[in-house]
Structures are given as C-alpha cells and as structure tokens.
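Report on the following structure.
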C-alpha cells in the first residue's frame with residue numbers, strides 16, 4: 012500500500028516549468044518597478060499582475076493602479092538567465108527568447124481575415140535584439156533559406172570552376188580581360204545596327220565613343236542655353252569671314268598644306284613601322300629569356316631526379332623508399348610539364 016500511494020503522489024505532483032521572458036514597460040513605471048525589485052519589497056506580489064488572453068500572445072499588465080496592454084513577441088536572439096544563492100556559484104535557469112511589450116496606448120486589433128499558421132507566427136516575430144547593435148538583426152544577420160534547386164546546382168558549378176583553374180595552371184600563357192556592362196551594351200548596339208564588319212565597325216565604335224563624350228559633357232556643363240547657341244553661331248560666322256579673306260590673299264596655301272600633310276603621313280608611317288619592329292624585337296627577346304630560364308630549370312630538375320634515383324638504389328628501408336618514390340614521381344611530372352613548355356616556346360622561335 013505504501014508503494015502504491017507513493018507512486019500516486021509522484022504522478023499527481025505538478026511539474027513546475029520555469030518560463031522566463033523580458034518585460035518592457037514605459038520609462039516611469041519601469042523605474043518604479045526596478046526600485047521595488049532591488050529593494051526586495053514583499054508588497055511587489057500584490058502590486059504586479061500579468062494576465063494572458065487565451066492565445067498566449069496578448070494580455071494585460073497591472074502595476075499599482077496602472078493597467079497596460081501587453082503583447083508577447085519572439086526575439087531573434089537567445090539570452091541565458093543564471094541564478095545564484097551565494098554569489099559564487101551560478102546555475103542556469105532558462106533561455107530567454109521572448110519579450111513582453113507593455114504600452115499605455117489602447118490600440119484595438121484591426122479585424123483581419125483568418126491567417127494561415129505561418130503568417131500568424133510571423134505577426135509576432137520581433138525584428139530587433141535587446142541591444143542597439145542588434146537592430147534589424149532578423150533581416151540583417153539571418154539569410155533566407157536557399158531553394159533546393161540552387162543547392163543541387165552547386166556541385167556542378169564547383170566542378171566547372173575547378174576545371175577552369177586546372178586549365179589555367181596547365182596553360183603556358185594566360186590572358187584575362189575585365190568587361191564592364193557598358194562595353195557589352197555598346198557591342199550589342201553596334202551588332203544590331205549592322206556595323207560590325209570592315210569600316211562600319213570602326214564607324215559604330217566611333218559613334219558610341221562620341222555619344223559617351225556628349226553624355227559626359229552634358230553631365231558636367233548641363234544643357235546649352237539659347238544665348239550660348241547664338242554666340243556659337245556668331246563665332247562661326249566670324250571664322251567664315253576670316254577664311255574668305257585669307258583665301259583672297261593667300262591662293263597657294265592649299266597646295267602647300269597638302270604637301271605638308273603628305274610628308275607628315277610618310278613620317279608617321281615610318282615611325283609606326285619602327286615602333287612595330289622594336290616591339291617585335293622586345294617580344295622575341297622576352298621569349299628567348301624565358302626559353303633560357305626553362306632550360307636551366309629543366310637541367311636542375313634532371314639533376315634532382317638523378318640524385319633521387321641514386322638514393323633509391325642505395326636505401327633498403329621500405330618507408331623511406333616509398334617517400335623517395337613519390338617525390339621522384341612528382342619531379343618527373345614537373346619535368347614533363349617544363350619540357351612541353353620548352354618545346355612550345357622553341358617552336359614559336361623556330362628553334363626546333
């Protein structure tokens with residue numbers, strides 16, 4: 012009988028679960044409540060009451076003679092609460108993840124159609140943390156969950172990126188170019204107008220450059236006023252008069268200018284050819300220097316390989332032989348790569 016009664020008492024004993032949340036009140040009542048808590052007043056139990064509505068989200072807070080409307084929201088952060096009896100040893104009580112906001116304003120809830128469970132939960136989600144640095148923490152620090160489709164595409168993207176990196180490492184020379192969105196738009200405009208071949212391509216590029224210059228000057232100086240246009244016309248007319256007068260007094264000026272332009276064209280062509288020749292010579296010298304460097308690296312790799320082969324013949328320890336064998340294989344691969352680069356450069360210089 013005694014055993015049965017003891018088990019019955021254990022089953023009937025209530026389970027007291029500690030539930031902690033933060034109470035945020037207006038400044039005046041909050042200071043008074045803080046003073047009562049710090050003083051350890053026994054009358055606090057008779058002054059403070061918290062009543063919840065059936066939904067456990069809305070309620071009322073009574074403190075003294077004041078009544079506040081309260082709303083319980085979910086915080087984006089978790090704060091641990093600790094308690095102590097001797098101020099030396101602390102015990103964890105609970106995790107705070109809710110905030111009760113008490114206000115004096117009587118704001119009736121607008122009548123809204125029945126929301127789904129997910130939207131109803133979002134209604135009571137608080138975006139901010141407890142400190143100023145955690146303002147909008149829910150939107151700033153927690154990213155949205157990625158769709159399954161994007162997650163499944165990640166391995167393929169990683170494989171493609173790794174393949175591109177491997178090809179770059181195996182290449183003799185790698186060239187890269189940064190293309191902005193403006194350049195791509197200009198190319199699209201040129202292809203649509205049909206000016207992509209021959210002289211038409213240069214004309215299209217010139218038009219796009221001219222358009223950019225016009226936009227830049229418009230941004231700097233703004234629109235041209237009517238008075239400015241009239242002044243420009245006056246200046247043009249004056250120039251026309253000056254040209255007419257000069258043509259009367261200097262009839263042979265056009266012939267001289269044409270001969271001067273012809274000589275300038277010849278000089279510019281000769282200068283361009285000499286510059287092209289010098290650049291070709293510089294490129295050839297660079298290739299030859301690189302070829303000689305590759306030859307020296309190849310000779311060093313061969314010497315290292317021969318020394319490893321000699322060590323491999325002399326050593327009997329299996330572990331050491333395995334390490335030397337792996338190092339020898341790496342050297343062989345490096346030597347093969349360098350030899351391929353050497354052969355390519357030699358063929359470019361015509362030394363094969």
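Residue numbers (my numbering): 12 to 363. Even for Gly, the Cβ is constructed at its ideal location relative to N, Cα and C. Here the structure is a predicted model, which means the values were calculated and not measured.
Reduced DSSP category for residue i - H, G, I as helix; E, B as strand; rest coil
i	result
residue 355	helix
residue 106	strand
residue 208	Low per-residue confidence applies at residue 208: pLDDT is 44, beneath 50, and the placement is therefore not dependable, though the value from the model is reported in the following sentence. Residue state, collapsed to three classes: coil.
residue 87	strand
residue 186	coil
residue 347	helix
residue 96	coil
residue 373	No statement about residue 373 is possible, as the shown extent of the chain runs from 12 to 363 and does not include it.
residue 136	strand
residue 153	coil
residue 314	helix
residue 335	helix
residue 54	coil
residue 148	helix
residue 168	helix
residue 361	coil
residue 191	coil
Counterpart residues of residue i in DSSP-defined beta bridges
i	result
residue 71	62 and 80
residue 48	Answer is none; residue 48 lacks a bridge partner.
residue 296	Per DSSP, none; premise fails for residue 296.
residue 35	112
residue 101	95
Test item: CB-CB of residue i and residue j under 8 Å
i	j	result
residue 137	residue 69	no
residue 351	residue 339	no
residue 176	residue 110	no
residue 107	residue 95	no
residue 185	residue 135	no
residue 302	residue 356	yes
residue 55	residue 48	yes
Whole-number beta carbon distance between residue j and residue i, since they are thought to touch under 8 Å
i	j	result
residue 349	residue 317	Not confirmed; about 16 Å, so no contact.
residue 360	residue 299	7 Å
residue 342	residue 312	6 Å
Given residue i as reference, the closest of the options once Cα atoms are compared
i	options	result
residue 80	94, 92 and 63	63
residue 323	171, 335, 356 and 141	335
residue 37	116, 54 and 52	116
residue 59	100, 99 and 113	113
residue 139	306, 300 and 151	151
residue 133	315, 75 and 149	149
residue 65	344, 346 and 82	82
residue 143	131, 88, 100 and 193	88
residue 71	153, 34, 183 and 326	34
residue 90	328, 354, 344 and 141	141
residue 67	178, 51, 131 and 296	131
residue 76	98, 187, 43 and 168	43
residue 103	78, 30, 39 and 41	30
Residue-chain proximity (residue i, chain D), Cβ-Cβ < 8 Å
i	result
residue 300	Checking the listed chains, one finds no chain D in this structure; it contains a single protein chain.
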